[in-house]
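Each residue of the sequence shown is one higher than the last, beginning at 0 in numbering that gives the first Met the number 0. Backbone N, C-alpha and C define an ideal beta-carbon position, used for all residues, glycine too. Computed from a predicted structure; not experimentally measured.
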Amino acid sequence: MAIISCPSCNQQISDKSICCSHCDIDIANMTSENLASKQRVNKIKRNQSIQVQTFLALLMFVGGFTLWYWEEQPSESWFSILGQGMIAVGFIWYIVNRARLIISNK
Ligand SMILES: [Zn+2]
């Protein structure tokens, strides 16, 4: 028995399995046509989730700035510390999601 990766979801499965235990695709009766459509659907779903996360990251970034500038004098309050943390996390998260989107669309 060998381990192969599912042609649809890329999870590790046995080459003896008839259908994938992760995405339930029928490997034995799979045509290249319905494989292609399944992969297309998976890609769209993945891109949608990345886009939602990109949006949330931007929201966090903007929210961080709002918190940071909330107080007229920059201070050591938890408000501005939280704001700076949100700016950093939002920024990194945004970059990571942009990279994932580029890789996914290759
Ligand atoms: Zn699968």
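Residue 7 CB to nearest heavy atom of ligand 1 below 7 Å: In the sequence shown, residue 7 corresponds to position 8, counting from 1. Flag set: Cβ of residue 7 near ligand 1.
Roughly how many angstroms separate the alpha carbons of residue 17 and residue 96, rounded to a whole number? Walking along the sequence shown from the start, residue 17 turns up at place 18. Walking along the sequence shown from the start, residue 96 turns up at place 97. One C-alpha to the other measures close to 34 Å.
For residue 13, which residues of its own chain have a beta-carbon under 6 Å away from its beta-carbon, when the five flanking residues on both sides are left out? Here residue 13 refers to the residue found at position 14 of the sequence shown. The residues are 0.
For residue 12, which three-state DSSP category applies? Residue numbering aside, residue 12 sits at position 13 when the sequence shown is read from its first letter. Reduced to three states, the DSSP call for residue 12 is strand.
Spatial distance of residue 34 from residue 6 (CA atoms): Taking the sequence shown and counting its residues from 1, one reaches residue 34 at position 35. Taking the sequence shown and counting its residues from 1, one reaches residue 6 at position 7. Answer to the nearest angstrom: the Cα atoms are 7 Å apart.
According to the Cβ coordinates, are residue 49 and residue 100 closer than 8 Å? Against the sequence shown, residue 49 aligns to sequence position 50. Against the sequence shown, residue 100 aligns to sequence position 101. Going by C-beta atoms, residue 49 is nearer than 8 Å to residue 100.
CA-to-CA distance, residue 40 to residue 25, given in whole angstroms: Numbered from 1 along the sequence shown, position 26 holds the residue referred to as residue 25. Numbered from 1 along the sequence shown, position 41 holds the residue referred to as residue 40. Using only the alpha carbons, I get a separation of about 16 Å.
For residue 86 and residue 59, I'd like the C-alpha separation in whole angstroms. What you label residue 86 is simply residue 87 of the sequence shown in a count that begins at 1. What you label residue 59 is simply residue 60 of the sequence shown in a count that begins at 1. When the Cα atoms are used, residue 86 and residue 59 turn out to be separated by approximately 7 Å.
Give the secondary structure of residue 4 by DSSP, where H, G and I count as helix, E and B as strand, and everything else as coil. The count along the sequence shown starts at 1 and reaches residue 4 at position 5. Residue 4 falls in the strand class under three-state DSSP.
Give me the Cα-Cα distance between residue 37 and residue 90, rounded to the nearest whole angstrom. Working through the sequence shown from its first residue, we reach residue 37 at position 38. Working through the sequence shown from its first residue, we reach residue 90 at position 91. One C-alpha to the other measures close to 33 Å.
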